[in-house]
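*Asks:* Chains as they are written, first to last, in our numbering: chain A, 3 to 142; chain B, 3 to 142.
Where is the CB? At the ideal position from N, CA and C, for every residue including glycine.
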DNA sequence: CACATACTTTAGAATAATTATAAAGTAGGT
DNA sequence: ACCTACTTTATAATTATTCTAAAGTATGTG
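Encoded structure:
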């Protein structure tokens, strides 16, 4: 109970610090995204479908987009792209890498990849981050 | 002249081996893409606009999409994505990496990045390729 | 507590990138 | 020259996303 309250607080805080009032819809989205053990990869469409399929009163598409967008801008979600013109989001915002296996995404912990050599940033620029994508194919 | 013929042949061969008859439109697209010194990054929309703006008889959107798609499937173009739901293509198909600087893409030669440590592929899978994206920001 | 104001939600329209369709055009081989 | 299969094209359809405007809700102030 105490635990649940503090968890809710986390979800609400994420919303507040993203500049969003914690309305019912938004708190439910925030819970759905962040109340889980493993990191979560999703598209807005997938998020909407999995939440709305369990609900009688549906949350509108625009609310999903707005909420995800604000959470991403605030840094609580990480956006990435595959080759299918859809935005994917990842609840794991720590710097990390990905396996891509036929549209399926698997996280790779940051410390699993280290570099021997990296190029310098062009003059006037600096490196914000480095992301590695390892594409997989079937063995044979 | 000899040179020009052999160049055209290259463009035509790329089309043929992509399963496309070398029609006028397709040969022009192939030339436009591959007859240049530096590698070329583009979206289909950009390609269409830059070619059609110089032409009285426009090539249709569908022809651009079809041709680019076939060239990509045959391995003459490499597709990649930024965070804006648009497909980018690169005439540099050698394994290489990218700087991303505010939607601008800069190639990084493959040998500029080497790894000290890479994870193993999950069982049953093997690594097809490894791509690194280095995101840049302004120095201050 | 009532209300004004500002922020939200929502359905639906608008936009952008891409793919599908079907009719008219063209190329090659015979 | 002609037949057939492949192409091109304009346009419609689709998908992901953003915009818009109306109706709903929350909050602070008096």
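Which one of A:106, A:113, A:112, A:119 has the shortest CA to CA distance from residue 112 of chain B?
*Replies:* Considering only alpha carbons, the answer is A:119.
*Asks:* Going by beta carbon distance, what residues of the same chain come within less than 7 Å of residue 129 of chain B, once the five residues before and after it are set aside?
*Replies:* 123
*Asks:* Using a Cβ-Cβ cut-off of 7 Å, state whether residue 87 of chain B counts as contacting chain A.
*Replies:* Cβ-Cβ to chain A under 7 Å: yes for residue 87 of chain B.
*Asks:* Do the CB positions of residue 147 of chain B and residue 70 of chain B come within less than 7 Å of each other?
*Replies:* No answer is possible for residue 147 of chain B: the residues shown for chain B start at 3 and end at 142.
*Asks:* Less than 7 Å between C-beta atoms, sequence neighbours within five positions excluded: which residues of the same chain meet that for residue 73 of chain A?
*Replies:* Apart from the 5 residues on each side of it in sequence, residue 73 of chain A sits with its Cβ closer than 7 Å to the Cβ of 16, 20, 79 in its chain, given in chain order.
*Asks:* Under the assumption that residue 139 of chain A contacts residue 127 of chain B (Cβ atoms under 8 Å), give the Cβ distance between them as a whole number of angstroms.
*Replies:* 7 Å
*Asks:* I need the straight-line Cα distance from residue 102 of chain B to residue 58 of chain A, nearest angstrom please.
*Replies:* 43 Å
*Asks:* Would a check of beta-carbon distances place residue 94 of chain A closer than 7 Å to chain B?
*Replies:* Taking a beta-carbon distance threshold of 7 Å, residue 94 of chain A does not count as an interface residue toward chain B.
*Asks:* Identify the continuous alpha helix (DSSP H) that holds residue 138 of chain A and give its terminal residues.
*Replies:* It is not in any alpha helix (DSSP H) - residue 138 of chain A instead sits in the beta strand (DSSP E) that spans 127-140.
*Asks:* Skipping 5 residues on each side, what residues in its chain have a beta carbon closer than 8 Å to that of residue 8 of chain A?
*Replies:* Since pLDDT at residue 8 of chain A reaches only 46, below the 50 mark, its modelled position is unreliable, and the value read off the structure follows with that caveat. If we look at residue 8 of chain A and ignore the five residues flanking it on each side, it has no Cβ neighbours.
*Asks:* Excluding sequence positions up to five away, which residues of its chain have a Cβ less than 7 Å from the Cβ of residue 32 of chain A?
*Replies:* 13, 16, 17
*Asks:* Excluding the 5 residues flanking residue 24 of chain A on each side, which residues of the same chain have their C-beta closer than 7 Å to its C-beta?
*Replies:* 14, 17, 18
*Asks:* Is there a Cβ from chain A that is less than 7 Å from the Cβ of residue 141 of chain B?
*Replies:* yes
*Asks:* Within its chain, find whatever has a CB closer than 8 Å to the CB of residue 136 of chain A; leave out the 5 residues flanking it on each side and keep chain order.
*Replies:* The answer, listed in chain order, is 99, 100, 101, 102, 110.
*Asks:* Could one say the Cβ of residue 123 of chain B lies closer than 7 Å to chain A's Cβ atoms, at least one of them?
*Replies:* yes
*Asks:* Which first and last residues belong to the alpha helix (DSSP H) in which residue 71 of chain B is found?
*Replies:* 63-75
*Asks:* Sort A:142, A:116, A:53, A:88 by Cα distance to residue 151 of chain A and report the nearest one.
*Replies:* Since the first residue shown for chain A is 3 and the last is 142, residue 151 of chain A is missing from the structure and cannot be characterised.
*Asks:* Taking residue 110 of chain B as part of the beta strand (DSSP E), name the residues at either end of that continuous run.
*Replies:* 106-110
*Asks:* Thinking residue 88 of chain A and residue 87 of chain B are a contact (beta carbons under 8 Å), I'd like their distance in whole angstroms, please.
*Replies:* 7 Å
*Asks:* Taking only three categories from DSSP, how would you classify residue 32 of chain A?
*Replies:* helix
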